[in-house]
Amino acid sequence: MADCILQMRDITKVFGGIVRALENVSIEVRRGEVHALVGENGAGKSTLMKILSGAYKQDSGDIIIDGQEAVFHNTRDATHGGIGIVFQELNLVPTLTAVENAFLGRLEINKFGKIEWKKLRDKFLQFMRSIDFEINPDIPVSELSIADKQMVEIAKALLLKSKILIMDEPTATLTSEEIKKLFVIIRDLKKSGVTIIYISHKLEEVFQICDRVTVLRDGHYISTQEVSQTNKAKLIEQMVGRSVDVEFPPRASCAGNTVLEIDGLFTPGFLRDISFTLRRGEILGIAGLVGSGRTEIARAVFGADKIEKGSFKINGNTVRIASTMDAKRLSIGLLPEDRKDEGLAVDYSIAKNITVTNLKKISNGFWLNRKKESSESEKLVKQLSIKTPSINQKLSSLSGGNQQKVVLAKWLFNEADILILDEPTRGIDVGAKYEIYLLMNELVKQGKAIIMISSELPEIFALSDRIVVMYEGQLRACLDNAQDLKPEDIMRYAVG
Ligand SMILES: Nc1ncnc2c1ncn2[C@@H]1O[C@H](COP(=O)(O)OP(=O)(O)OP(=O)(O)O)[C@@H](O)[C@H]1O
Ligand SMILES: [Mg+2]
Numbered sequence: 022m023a024d025c026i027l028q029m030r031d032i033t034k035v036f037g038g039i040v041r042a043l044e045n046v047s048i049e050v051r052r053g054e055v056h057a058l059v060g061e062n063g064a065g066k067s068t069l070m071k072i073l074s075g076a077y078k079q080d081s082g083d084i085i086i087d088g089q090e091a092v093f094h095n096t097r098d099a100t101h102g103g104i105g106i107v108f109q110e111l112n113l114v115p116t117l118t119a120v121e122n123a124f125l126g127r128l129e130i131n132k133f134g135k136i137e138w139k140k141l142r143d144k145f146l147q148f149m150r151s152i153d154f155e156i157n158p159d160i161p162v163s164e165l166s167i168a169d170k171q172m173v174e175i176a177k178a179l180l181l182k183s184k185i186l187i188m189d190e191p192t193a194t195l196t197s198e199e200i201k202k203l204f205v206i207i208r209d210l211k212k213s214g215v216t217i218i219y220i221s222h223k224l225e226e227v228f229q230i231c232d233r234v235t236v237l238r239d240g241h242y243i244s245t246q247e248v249s250q251t252n253k254a255k256l257i258e259q260m261v262g263r264s265v266d267v268e269f270p271p272r273a274s275c276a277g278n279t280v281l282e283i284d285g286l287f288t289p290g291f292l293r294d295i296s297f298t299l300r301r302g303e304i305l306g307i308a309g310l311v312g313s314g315r316t317e318i319a320r321a322v323f324g325a326d327k328i329e330k331g332s333f334k335i336n337g338n339t340v341r342i343a344s345t346m347d348a349k350r351l352s353i354g355l356l357p358e359d360r361k362d363e364g365l366a367v368d369y370s371i372a373k374n375i376t377v378t379n380l381k382k383i384s385n386g387f388w389l390n391r392k393k394e395s396s397e398s399e400k401l402v403k404q405l406s407i408k409t410p411s412i413n414q415k416l417s418s419l420s421g422g423n424q425q426k427v428v429l430a431k432w433l434f435n436e437a438d439i440l441i442l443d444e445p446t447r448g449i450d451v452g453a454k455y456e457i458y459l460l461m462n463e464l465v466k467q468g469k470a471i472i473m474i475s476s477e478l479p480e481i482f483a484l485s486d487r488i489v490v491m492y493e494g495q496l497r498a499c500l501d502n503a504q505d506l507k508p509e510d511i512m513r514y515a516v517g
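Note that the working numbering numbers the sequence shown so that position 95 is 116, with each residue one more than the last.
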């Protein structure tokens, strides 16, 4: 029998007496392997790993590490026991710098009672260099890009030198370049004997980097197999419990008149001379590498960033978009890339989060119509298959992917005429992605216009009518007949 470093046996976890997040789940992880953990949103992946890392206590079941029963009362215990975790919801303190975050909770003082910041800073920078990443160590992490934040979270765990390292969706917000680098790091760690548990909704990654894969479904253990003995279709079938043969719904173009016209848009120090149009009933894809200016276009059109020059026309009339208020008044909605910062109030209920952008729709005159608030939220929760016992649950009790769905629901409820979706399916499982594509198709059929930013090229091809390709703040190409294009056609422009 192969050398087993970790066994989790018959783990059960019930939240609030009703949500059975895990039911008698057992897994075995071999020493030095990269072990993938997959399953739909809400399957129990993060909960299982939070138990292993001491963040939650299981109701029953045992954890055995190197043949010894391990009991962790908190994350500190688990850290001492050699367990490191990169949390799915980045766990950084926004007002602190990358260095401060990296060493938070384990600062050492020297014999004069002082923290040696310079030493820590050097250590951090040296470490970042060794893994070929560059991050400004002196500004609050809230000012870093979301990809950089993710790297700080990863670095924080790596600096601990754990024997078992858990990565819960580490690549969700990384660029393809950074993902390549991360995979180099994972291979190096593996060579040095570290065991890795890897959670991802990007099944390609499982086949690229993992040795074995365990599938969870609805809080139950389904299977563990060698990655080389399975394939994507089989995994999806085990994840959703039925066979799924199409990833994208068919789509017929229904583009009409121009609704939005952007002419000669410049932003301070970044976007240069961007012009394009968006038509009613159209999905316009924006492709390009992360950092190429895709998100900046979204933010400029939504009035969130300062504009230097350029004009906007809506339905042929010149309009001013100087603030997000202007944008909302003009019926423009934005699903932001960084959901945690901008999208959600985690202490409020699902229903409140969904309806807050369009209170008019659920009020009659002065009063909120609670019934309508409920029925409208119920509808979206069902449509997007958000996994929750009730719409009155606090958002913080949902799984990562289900929280993402709530942000999306919120913008769908908003009913903007022009909807900008920045990475709409990030962190969302295969089944739910399909539902989201269907909803997008439905919206454009009703005459809305959608701008979709995505790093997933297959998604861009399958959904867009036209594709705009960005490179270093400039619009490099606007391509028709998106469905006939191939990745090469885009990459040619996206890499300059
Ligand atoms: N703190 C909590 N309170 C109540 N319910 C919770 C809590 N944390 C998780 N749950 C519930 O437990 C179930 C499993 O959630 P978990 O976060 O483990 O899913 P996941 O597999 O990580 O999903 P995702 O892919 O969306 O991240 C979900 O139904 C979720 O709503
Ligand atoms: Mg999760």
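Glycine residues also receive a C-beta, built at the ideal position from the N, C-alpha and C atoms.
Distance CB(residue i)-CB(residue j) smaller than 9 Å
i      : j      : result
ILE72  : LYS34  : yes
VAL490 : TYR514 : yes
GLU358 : ALA319 : yes
LEU530 : ILE471 : Here the chain has residues from 22 to 517 only, and residue 530 is not among them.
GLN518 : GLU49  : The structure shown does not extend to residue 518, since the chain is modelled only from 22 through 517, so no value can be given for it.
ILE167 : PRO191 : no
ALA372 : GLY422 : no
PHE228 : LYS253 : yes
LEU12  : LEU125 : Only positions 22 to 517 of the chain appear in this structure, which leaves residue 12 out of reach.
ALA322 : ILE283 : One detail in the question is off: residue 322 reads as Val in this sequence, not Ala. Yes.
GLY309 : GLY277 : no
PHE148 : LEU179 : yes
THR475 : THR196 : Rather than Thr, the amino acid found at residue 475 in this sequence is Ser. No.
ASP510 : ARG315 : no
VAL173 : ALA119 : yes
LEU210 : ILE220 : no
VAL367 : LEU401 : no
ASP24  : ARG41  : no
LEU464 : LEU500 : no
ILE152 : LEU165 : no
ILE481 : ALA498 : no
ASN435 : ASN379 : yes
Bounding residues of the beta strand (DSSP E) (the contiguous stretch that carries residue i)
i      : result
SER332 : 330-335
ASN45  : 40-51
SER296 : 295-300
THR376 : First-last for THR376: 371-376, but that is the alpha helix (DSSP H), not the beta strand (DSSP E).
TYR219 : 216-220
LYS34  : 25-36
ILE130 : Careful: ILE130 lies outside any beta strand (DSSP E) and carries neither H nor E.
SER67  : It is not in any beta strand (DSSP E) - SER67 instead sits in the alpha helix (DSSP H) that spans 66-73.
TYR242 : 241-247
PHE287 : 279-287
GLY306 : 304-308
GLN424 : Counting along the chain, GLN424 falls outside any beta strand (DSSP E), though it belongs to the alpha helix (DSSP H) covering 421-434.
Boundaries (first-last residue) of the alpha helix (DSSP H) holding residue i
i      : result
HIS101 : 96-101
ASP209 : 197-212
ASP169 : 167-179
GLU226 : 224-230
GLU399 : 391-404
ASN462 : 451-466
Close-in-space but distant-in-sequence residues of the same chain around residue i (CB under 8 Å, 5 per side omitted)
i      : result
GLN259 : VAL236, ARG238, ILE243, SER244
VAL215 : GLY53, SER183, LYS184, ILE185, LEU186
VAL46  : MET29, ASP31, ILE32, THR33, GLY65, LEU69, GLY82, LEU237, GLY240, HIS241, TYR242
VAL248 : ALA57, VAL227, PHE228, CYS231, ASP232, ARG233, VAL234
LEU460 : GLN404, LEU405, LEU433
Own chain residues within Cβ distance below 7 Å of residue i, not counting five before or after
i      : result
ASP347 : GLY324, ARG341
SER74  : THR96, ALA99, ILE104, ILE106, ILE187
TYR458 : PHE269, PRO270, LEU484
ILE335 : VAL280, LEU281, LEU351
ARG142 : VAL120, PRO158
SER384 : ASN390
Assumed close pair residue i, residue j - CB separation to whole angstroms, cut-off 8 Å
i      : j      : result
ILE130 : ASP189 : With 8 Å as the limit, ILE130 and ASP189 do not qualify as a contact, their Cβ atoms being about 31 Å apart.
ASP450 : HIS241 : Contact flag wrong, Cβ pair sits at about 16 Å.
ASP354 : ALA437 : In the sequence as presented, Asp is not what sits at residue 354; that position holds Gly. Confirmed, Cβ separation roughly 3 Å.
LYS201 : LEU113 : Not really, about 23 Å apart at Cβ, beyond 8 Å.
THR376 : SER398 : 6 Å
LEU419 : PRO445 : No, LEU419 and PRO445 are not in contact; Cβ-Cβ is about 17 Å, not under 8 Å.
ILE86  : ILE26  : 7 Å
LYS431 : ASN374 : 6 Å
6 Å Cβ shell around residue i - same chain, five flanking residues per side excluded
i      : result
ARG16  : Missing from the structure shown is residue 16; the chain here goes from 22 to 517 and no further.
ASN413 : SER370
LYS426 : LEU405, ILE407
Test: residue i CB closer than 9 Å to a CB of chain B
i      : result
HIS222 : Absent from the structure is chain B; it holds one protein chain and no more.
- What residues sit near ligand 1, counting only those whose C-beta is closer than 5 Å to one of its heavy atoms, in chain order? PHE36, VAL40, ALA42, ASN62, GLY63, ALA64, GLY65, LYS66, SER67, THR68, LYS408, SER418, LEU419, SER420, GLY421, GLY422
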